[in-house]
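Each residue of the sequence shown is one higher than the one before, counting from 4 in my numbering.
A virtual CB, placed ideally from N, CA and C, is assigned to each residue, including glycine.
Note that the structure is predicted; figures quoted are calculated from it, not measured.
Here is the structure we will look at.
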Amino acid sequence: LPHLRQLVDLLAVEQHLPVEGLRQIGIQGTAQVLAQQVVNYRPEIRCTNRYNLYDSTHDRTCQLFGKTFGDSQGQTLYERLQYFWDRSLADQEAMTIAQPLGYSPAINTVWQRGVPGTPLLHVLNTNNYRPYIAAVAKGLASLHTSDIGNLAAHSPENHLVETHKKLSKLSDAIPRLSETCGGVADEVEQTAPHSSTIPFCPIHWDFHVDQLLADNGTLIFCDLDELVIGDPLQDLANFVVDLQFRHVDQDFVRLITGELCHQYQSLVDWPVSAERFAWHVRLQLVNKAYRHYLRFAPGFERTVEQILQLAKKGFR
4 LPHLRQLVDL
14 LAVEQHLPVE
24 GLRQIGIQGT
34 AQVLAQQVVN
44 YRPEIRCTNR
54 YNLYDSTHDR
64 TCQLFGKTFG
74 DSQGQTLYER
84 LQYFWDRSLA
94 DQEAMTIAQP
104 LGYSPAINTV
114 WQRGVPGTPL
124 LHVLNTNNYR
134 PYIAAVAKGL
144 ASLHTSDIGN
154 LAAHSPENHL
164 VETHKKLSKL
174 SDAIPRLSET
184 CGGVADEVEQ
194 TAPHSSTIPF
204 CPIHWDFHVD
214 QLLADNGTLI
224 FCDLDELVIG
234 DPLQDLANFV
244 VDLQFRHVDQ
254 DFVRLITGEL
264 CHQYQSLVDW
274 PVSAERFAWH
284 VRLQLVNKAY
294 RHYLRFAPGF
304 ERTVEQILQL
314 AKKGFR
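What follows is the structure, given as structure tokens:
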């Protein structure tokens, strides 16, 4: 990302701000960048920065996010965001996202307006989880029934290849877990759904609780970089498995799981198969185990073992 230096320089970045997009939200002229902070960084792949802007005309500040890439894929992301933004304006039931403000090809950066909101996990509790989970289900159903195009496809066969590779690496890294890894691999293979039973559609692919901001009862969906055509139950499973590792009471996770599946089923035409859902849960647990291995934190072997035991046991 050789252009990244321009994005962390408060003066240089002003030359690349989305002037037309800022004009749409009432900022005339060139806004002054007061501060910049890296939000997420994957070296040589992408970097997301948050900026505080000062609008001298109205004596106010606002936030702007810029996500920069190593190539021009930001243009595709901007078009995707614009599609979902326009859709949300036309349909109150559609998934809500932060407003896209433009794309700067010189620095491969897509711009999005900062929105008010609190991470969903910070406000979710046993008193309010039903309406919030209903909003999660509604947003997912809206995404899954959209006609967004130009997405790669991911099938059960693709999942099997990737999962076997990860389990093989885990087995090599922690030899005493080779039998467990083999058992999980066999179970994943034997319970894999047939492609003919899956209603392939656009899915988020990386859907977890940190992708949601709550604002006065409304949920804003974030991070639409990795959309693919796949099994919609993968998004539900990913969300539920992620909650299990967030220090959330497990009884509460079970309540959320039941409510999410119930609400989602009421919104879509395809069946929410318990077997298919359980299969995706097992896949996500393998992914979790593999990520812990890659972090190589002290005691990771024990953590990996615990997660793989959950995967072997399966989801009921």
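- Neighbour flag for Leu286 against chain D, beta carbons, 8 angstroms: Looking at the structure shown, chain D is missing, and only one protein chain is on hand.
- Task: Please confirm whether Leu270 and Ala138 have their CB atoms less than 8 angstroms apart.
- Result: The residue labelled residue 270 in the question sits at position 267 within the sequence shown. The residue labelled residue 138 in the question sits at position 135 within the sequence shown. Against a cut-off of 8 angstroms, the Cβ pair of Ala138 and Leu270 comes out as no contact.
- Query: Can the beta-carbon of His207 be found closer than 8 angstroms to that of Leu146?
  - Reply: The residue labelled residue 207 in the question sits at position 204 within the sequence shown. The residue labelled residue 146 in the question sits at position 143 within the sequence shown. Yes, the pair counts as a contact, with Cβ atoms nearer than the cut-off.
- Task: Return the CA-CA distance between Thr112 and Thr33, expressed in angstroms with no decimal places.
- Result: Residue 112 sits at position 109 when you count from the first residue of the sequence shown. Residue 33 sits at position 30 when you count from the first residue of the sequence shown. When the Cα atoms are used, Thr112 and Thr33 turn out to be separated by approximately 18 angstroms.
- Task: Inspect the CB distances between the stretch 115–123 and the stretch 94–102 and report whether three or more fall short of 8 angstroms.
- Result: Two segments are said to touch when three or more pairs of C-beta atoms, one from each, lie closer than 8 angstroms; by this definition the stretch 115–123 touches the stretch 94–102.
- Just grab the DSSP bridge partners of Lys70 for me. What you label residue 70 is simply residue 67 of the sequence shown in a count that begins at 1. Lys70 is bridged to Thr51 and Val113.
- Query: If we count the other Cβ atoms within 10 Å of its Cβ and call it buried at 16 or more, is Lys70 buried or exposed?
  - Reply: Sequence index remark: in the sequence shown, residue 70 carries index 67 (1-based). Taking every protein chain shown into account, the CB of Lys70 has 16 or more other CB atoms within 10 angstroms, so this residue is buried.
- Message: Please identify the residue among Arg63, Ile110 and Ser59 whose C-alpha is closest to the C-alpha of Ala328.
- Response: Outside the shown range of the chain (4 to 319) lies residue 328, about which nothing can therefore be said.
- Task: Quick one: give me the first and last residue of the beta strand (DSSP E) that Pro5 is part of.
- Result: Along the sequence shown, read from residue 1 onward, the residue named residue 5 stands at position 2. Annotation: Pro5 is outside any beta strand (DSSP E) and is labelled neither H nor E by DSSP.
- Extent of the continuous beta strand (DSSP E) run through Asn43: Taking the first residue of the sequence shown as 1, we reach residue 43 at position 40. Taken as a continuous stretch (DSSP letters only), the beta strand (DSSP E) holding Asn43 covers Gln35 to Arg45.
- Local conformation of Gly32 per DSSP, three classes: For this step, residue 32 is matched to residue 29 along the sequence shown. DSSP places Gly32 in coil when its eight states are reduced to three.
- Item | Secondary structure, alpha helix (DSSP H): runs of 4+ residues fully inside the stretch 177–252 | Runs found: 181–193 and 236–247.
- Query: Under 8 angstroms, do Val307 and Ile177 count as touching if we go by C-beta distance?
  - Reply: As a first step, residue 307 must be located in the sequence shown, where it is residue number 304. As a first step, residue 177 must be located in the sequence shown, where it is residue number 174. Yes; because the gap between Cβ atoms is below 8 angstroms, this pair is in contact.
- Determine the contact status of Pro21 and Ser107, defining contact as a CB-CB distance below 8 angstroms. By one-based count along the sequence shown, residue 21 stands at place 18. By one-based count along the sequence shown, residue 107 stands at place 104. Against a cut-off of 8 angstroms, the Cβ pair of Ser107 and Pro21 comes out as a contact.
- Task: Name the one or two DSSP bridge partners that Tyr86 has.
- Result: In the sequence shown, the residue the question calls residue 86 occupies position 83. Beta-bridge pairing links Tyr86 to no other residue.
- Task: Kindly indicate which residue of Leu37, Arg305 and Asp62 has the alpha-carbon position closest to the one of Gly29.
- Result: Position 26 of the sequence shown holds residue 29. Ranking Leu37, Arg305 and Asp62 by Cα distance to Gly29 puts Asp62 first.
- Message: For a minimum of 4 consecutive residues, which ranges assigned as the alpha helix (DSSP H) are wholly contained in the stretch 121–153?
- Response: Runs of the alpha helix (DSSP H) inside the stretch 121–153: 123–126 and 132–147.
- How many angstroms separate the CA atom of Val256 from the CA atom of Glu17? Looking up residue 256 in the sequence shown gives position 253. Looking up residue 17 in the sequence shown gives position 14. Between Val256 and Glu17, the C-alpha separation is close to 44 angstroms.
- Item | Contact set for Gln9: own chain, Cβ-Cβ below 7 angstroms, skip 5 residues either direction | Along the sequence shown, one-based indexing puts residue 9 at 6. Taken in chain order, the residues that qualify are Ala15, Val16, His19 and Ile110.
- Message: Measuring straight from C-alpha to C-alpha, what distance separates Ala144 and Leu56?
- Response: The count along the sequence shown starts at 1 and reaches residue 144 at position 141. The count along the sequence shown starts at 1 and reaches residue 56 at position 53. Going from the Cα of Ala144 to the Cα of Leu56 covers about 35 angstroms.
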